[in-house]
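*Asks:*
In our numbering, the protein residues as written are 2 to 313.
What follows is the structure in structure tokens.
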């Protein structure tokens, strides 16, 4: 996150464990973002949080730091079996990113992390769970699948995190979420952290049903990173869209570009025009195998793939 979106609250002032402060220093993080400054002091004291925050605000680090600090400060019996914390995400890509961030922030904690999601790696993910895990991250369907098979238990959960709760509703996962939450200790016996781009009535109903008097935190739109993004709107006919796109790419010469379209057919068509004009591009849509999707995203993040055409 850019420096003008940081607060004057240093992580070192929050009482985080030394192992977490060391990982933050390694990552170059010294000061909190607004959502971190607003939620961490409360969450570190065990207060439930219902936070309104969009992507790019630092919400992932906020809830991971709270969860990891709690686990480091809470002793367990040597023969006790986790997981102790669970993060539920609506999509595979988000789950993978959360897992990556958890390993970064928890690198000096000695905690074991695992991520599970559908579409690939069924046996390898199962073996990872069977080997033992402290922090479990996953999508609802795969989490329920392994739970019903007895691969892991939920009776020892101390921290529950729901990320992008509004998307859970959009994707039809709420029945699955409620199923998982009801298999855990009662809300008063765990820390519950919910984050959502919008705190709609249905999201707040879920919060009050499965959380313990959550503190509602809203980050105003002017504090969101997207404010710093330059936006432009072009009103053009369908016939002129491709020429305009090619013109923008030639003029701006961006290092990385994401192009969103409505359908897979449109994605293939746009990619064809790009390839035909000498641009290297890849397609990301729902029918792409999971392994290839992750490969494309990683290549895009590294800068090896300059243009990614995706369905929304």
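All C-beta atoms, glycine included, are put in the ideal place defined by N, C-alpha and C. No experiment lies behind these values; they were computed from the predicted model shown.
#1: Report the option in 147, 39, 56 whose CA atom is closest to the CA atom of residue 95.
#2: So residue 87 and residue 137 are supposed to be a Cβ contact under 8 Å. How far apart are they, rounded?
#3: Out of 47, 188, 181, state which residue places its alpha-carbon closest to the alpha-carbon of residue 154.
#4: Cβ atoms of residue 102 and residue 43: under 8 Å apart, would you say?
#5: With respect to 7 Å, is the separation between the Cβ of residue 29 and the closest non-hydrogen atom of the ligand ATP below this value?
#6: For the alpha helix (DSSP H) that residue 268 lies in, which residues bound it at each end?
#7: Determine whether the beta carbon atoms of residue 139 and residue 83 lie at a separation below 8 Å.
#8: Nearest-angstrom Cα distance between residue 205 and residue 274?
#9: Whole alpha helix (DSSP H) runs in the segment 109-172 with 4 or more residues, listed along the chain?
#10: Can you tell me whether residue 214 is helix, strand or coil according to DSSP?
#11: Write down every uninterrupted run of the beta strand (DSSP E) in the segment 4-57 whose length is 3 residues or greater and which is fully enclosed by it, in chain order.
#12: Do three or more CB pairs link the segment 159-174 to the segment 117-134 at distances below 8 Å?
#13: Please report the straight-line C-alpha distance between residue 225 and residue 152, rounded to a whole angstrom.
#14: At what residues does the beta strand (DSSP E) containing residue 1 begin and finish?
#15: Short of 8 Å in beta carbon distance, which residues of its chain neighbour residue 156, apart from the five on each side in sequence? Order them along the chain.
#16: Rounded C-beta distance between residue 60 and residue 174? I'm assuming under 8 Å.
#17: For the beta strand (DSSP E) holding residue 200, just list the boundary residues, first then last.
#18: So, is residue 71 buried or exposed, given that buried needs 16 or more other C-beta atoms within 10 angstroms?
#19: Report the three-state DSSP secondary structure of residue 178 (helix, strand or coil).
#20: Looking at the unbroken beta strand (DSSP E) that takes in residue 89, where does it start and where does it end?
#21: Are the Cβ atoms of residue 32 and residue 9 separated by less than 8 Å?
#22: Exposed or buried, residue 49, counting other C-beta atoms within 10 Å across all chains shown (16 or more means buried)?
#23: Measuring straight from C-alpha to C-alpha, what distance separates residue 253 and residue 262?
*Replies:* Looking at the atomic coordinates:
#1: As a position in the chain shown, residue 95 is number 94, starting the count at 1. Nearest of 147, 39, 56 to residue 95, Cα basis: 56.
#2: Here residue 87 refers to the residue found at position 86 of the chain shown. Here residue 137 refers to the residue found at position 136 of the chain shown. The beta-carbon distance between residue 87 and residue 137, rounded to whole angstroms, is 5 Å. This is short enough to meet the 8 Å contact definition.
#3: Position 153 of the chain shown holds residue 154. Closest option to residue 154, Cα to Cα, is 181.
#4: Here residue 43 refers to the residue found at position 42 of the chain shown. Here residue 102 refers to the residue found at position 101 of the chain shown. Their beta carbons are not under 8 Å apart, which means residue 43 does not touch residue 102 by this criterion.
#5: Of ligands this structure carries none, so the ligand ATP is not represented either.
#6: Within the chain shown, the letter at position 267 stands for residue 268. Residues 265-277.
#7: If you number the chain shown from 1, residue 139 lands on position 138. If you number the chain shown from 1, residue 83 lands on position 82. When the beta-carbon positions are compared, residue 139 and residue 83 stay at least 8 Å from each other.
#8: Translated into positions along the chain shown, residue 205 becomes position 204. Translated into positions along the chain shown, residue 274 becomes position 273. So the two alpha carbons sit approximately 45 Å from each other.
#9: Fully enclosed alpha helix (DSSP H) runs of 4 or longer: 123-131, 141-149, 166-171.
#10: Working through the chain shown from its first residue, we reach residue 214 at position 213. In the three-state reduction of the DSSP assignment, residue 214 falls in the coil class.
#11: Segments of the beta strand (DSSP E) lying fully in the segment 4-57: 50-53.
#12: In short, these stretches do not touch, since the Cβ pair count stays below three.
#13: Translated into positions along the chain shown, residue 225 becomes position 224. Translated into positions along the chain shown, residue 152 becomes position 151. Residue confidence is low: residue 225 scores 48 on pLDDT, short of 50, so the model does not pin down where it sits. Its coordinate-derived value is still stated next. About 39 Å.
#14: For the chain, the structure presents residues 2 to 313; residue 1 sits outside this window and is missing.
#15: Numbered from 1 along the chain shown, position 155 holds the residue referred to as residue 156. Within the same chain, Cβ atoms closer than 8 Å to the Cβ of residue 156 are found at 184, 185, 186, the five residues on either side in sequence being excluded.
#16: By one-based count along the chain shown, residue 60 stands at place 59. By one-based count along the chain shown, residue 174 stands at place 173. Actually they do not touch by this definition, with Cβ atoms about 19 Å apart.
#17: Taking the chain shown and counting its residues from 1, the one referred to as residue 200 is at position 199. Residue 200 -> no beta strand (DSSP E), and no H or E assigned at all.
#18: Along the chain shown, one-based indexing puts residue 71 at 70. Answer is buried; the Cβ neighbour count reaches 16.
#19: By 1-based counting over the chain shown, the position of residue 178 is 177. In this structure, residue 178 counts as helix in the three-state DSSP scheme.
#20: Looking up residue 89 in the chain shown gives position 88. Annotation: the continuous beta strand (DSSP E) that includes residue 89 extends over 86-89.
#21: By 1-based counting over the chain shown, the position of residue 32 is 31. By 1-based counting over the chain shown, the position of residue 9 is 8. When the beta-carbon positions are compared, residue 32 and residue 9 come within less than 8 Å of each other.
#22: For the purposes of this step, residue 49 is taken as residue 48 along the chain shown, with counting starting at 1. That one is buried.
#23: Here residue 253 is taken as the residue at index 252 of the chain shown, counted from 1. Here residue 262 is taken as the residue at index 261 of the chain shown, counted from 1. Computed Cα separation, rounded: 20 Å.
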